[in-house]
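Residue numbers (our numbering): 782 to 1041. Notes for the one structure printed next.
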């Protein structure tokens, strides 16, 4: 059994509770195990990095946690709710209200202004008036230091600025959980540092952040670091001491090639 032990206190609220969960992709008669017997918990206020090479299953795991896919077997509790028992509509409501997504490719709509892109998630929330969209977009853009870009279009921004817009969009619903899928994968080193500093500040301000990355230097910025290989957690470390507590004989790789 692959296991990643939660290092938080018993009093901390568990946002994610995954037990003996697996994912199998089926193509005709062929079955491909992608995730195997995972045990994994995240408590409110943690910054957790899941590190692994391309094909390790980390992005599949994040998409399941973010309610874009589902496990083939096992239990998944999100905010105390059993995800397998929810309807598609309940999935959508839970995802829109409690999860903020940050994608590697930014996923901004080119025909919309920055303010319109950032406020887009509000359109799917009950009780939010259209008159509030711009003011709320301005608030979160101030958090990412892009207050002067409200009326700009994505093509007028650098890659780093576009990713900060994407972070603002993820923040606008005040989600319980921020999910970052290779958030610096398309950025130069300077822009990547700005984005990572922003994620660290959001965590310091109380945000719960779950990030997947192939880069060990980025993973080391997290409060807790897990290594995923062949669909199983094989090592874990807690910052700042970064003392390795391998759950198997496999050690956390010191270096890794950039995923293509």
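For every residue, glycine included, the Cβ atom is placed at its ideal position computed from N, Cα and C. Just so we're clear, the structure is a prediction, and the values are computed from it rather than from any experiment.
For residue 914, the three-state secondary structure derived from DSSP is helix. Around the beta carbon of residue 905, fewer than 16 other beta carbons sit within 10 angstroms, so the residue counts as exposed. Around the beta carbon of residue 870, a 10 Å sphere encloses fewer than 16 other beta carbons of the protein chains shown; the residue is thus reported as exposed.
The C-alpha of residue 844 lies about 15 Å from the C-alpha of residue 832. Rounded to the nearest angstrom, the gap between the Cα atoms of residue 981 and residue 925 is 12 Å. The beta strand (DSSP E) runs lying completely inside the stretch 867 to 940 and spanning 3 residues or more are 880 to 883, given in chain order.
Residue state for residue 988 is assigned as coil, using DSSP reduced to three classes. Secondary structure of residue 844 (DSSP, three-state): helix. The criterion of a C-beta distance shorter than 9 Å is not satisfied by residue 881 and residue 931.
Note that the stretch 799 to 809 does not touch the stretch 952 to 962; fewer than 3 beta-carbon pairs, one per stretch, sit closer than 8 Å.
Between residue 796 and residue 957, the beta carbon gap of about 6 Å places them in contact (Cβ cut-off 8 Å). Using a Cβ distance threshold of 9 Å, residue 950 and residue 828 do not count as a contacting pair. Note on residue 929: under 16 other CB atoms within 10 angstroms of its CB, so exposed under the neighbour-count rule. Here residue 856 carries a strand assignment [DSSP, helix/strand/coil]. For the set 914, 849 and 830, the Cα lying nearest the Cα of residue 1018 is the one of 830. Here residue 944 is buried: its Cβ has 16 or more other Cβ atoms, across all protein chains shown, within 10 Å. By the criterion of a C-beta distance shorter than 6 Å, residue 1008 is surrounded in its chain by 832, 1015, 1016 and 1033, once the five residues flanking it on both sides are discounted. Remark: C-beta atoms of residue 895 and residue 933 approach each other more closely than 9 Å. Cα atoms of residue 810 and residue 886: separation of roughly 33 Å, rounded to the nearest angstrom. Within the stretch 956 to 1009, the runs of alpha helix (DSSP H) that reach at least 4 residues and sit entirely inside it are, in chain order, 970 to 985 and 997 to 1000.
The C-beta distance from residue 868 to residue 995 rounds to 35 Å, too long to meet the 8 Å contact threshold. DSSP places residue 850 outside any beta strand (DSSP E), giving it a letter other than H or E. Distance from the CA of residue 942 to the CA of residue 850, rounded to the nearest whole angstrom, comes to 29 Å.
With at least 16 other beta carbons inside 10 angstroms of its own, residue 902 counts as buried.
In this structure, DSSP gives residue 945 a helical state, which the three-state scheme calls helix.
Under the three-state reduction of DSSP output, residue 834 falls in the coil class, being neither helix nor strand. In the DSSP secondary-structure assignment, residue 1011 is not bridged to any residue.
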